[in-house]
Amino acid sequence: MKACISIAIIIAQGLLQAGAAEQQIICPTEIPQAAIKLTSVPGQWTPHVASPLYLSSAGAAAGPPEQRATLMGDSTWQQGKTEWVTTYDLSDESFHAGKWMECRYGEYGQILLSRQLDPQTKFCKVHFSKSVKAGQRFIKIVCQSL
């Protein structure tokens, strides 16, 4: 199984060098306080949003957010490292609900902003590096299509 994943990544990386069309996806760095509304709280409580939710993660999905079809990529993450890359092989033809990119906010990705990718997208790389704010990451997403 690991050999198949490695071969798929090598093929996908070959697309990067073969003149494939490149698309950079930019996640908003935060969800502002004013955009976060708390409703249906118990009557005796007064809601207040104390800070924005910062971008904490991103990754590919095999469908819209309500399907919760987040894909597992191949990651270079290691304990203690401040930078890593996760790659996604999207060359399979079985993405019936489309190929999507998720931008995740909050320390555990409690809120998602998702967008559908071009159906011709074959490969995405998500570059992560730590930020100065707790739970926030700098994220660069580059996808390739034929």
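Numbering (the numbering used here), first residue to last: 52 to 197. Ideal placement from N, C-alpha and C gives every residue a C-beta, glycine not left out. All of these numbers come straight from a predicted model, not from anything done at the bench.
- Item | Close beta carbons around residue 79, own chain, < 8 Å, minus the five adjacent residues each side | 106, 154 and 164
- Query: So what's residue 171 in DSSP terms, helix, strand or just coil?
  - Reply: coil
- Please classify residue 94: is it buried, with 16 or more other beta-carbons within 10 angstroms of its beta-carbon, or exposed? exposed
- Query: Nearest to residue 158 by alpha carbon, out of 118, 192, 182 and 116?
  - Reply: 182
- Message: Using only the alpha-carbon positions, how far apart do residue 104 and residue 81 sit?
- Response: 5 Å
- Does DSSP put residue 74 in a helix, a strand or coil? strand
- Consult DSSP for residue 195 and reduce its assignment to one of helix, strand or coil. strand
- Message: How far does the beta strand (DSSP E) with residue 137 in it extend, from its first residue to its last?
- Response: 134-140
- Can you tell which of 185, 119, 194 and 168 has the C-alpha that lies nearest to the C-alpha of residue 177? 194
- Query: Within 10 angstroms of its Cβ, does residue 96 collect 16 or more other Cβ (buried), or is it exposed?
  - Reply: exposed
- residue 88 to residue 117, Cα distance in whole Å? 20 Å
- So what does DSSP say about residue 66, is it helix, strand or coil? Interpretation of residue 66 is limited by its pLDDT of 45, a score under 50 that renders its predicted location unreliable; no figure is taken from the coordinates.
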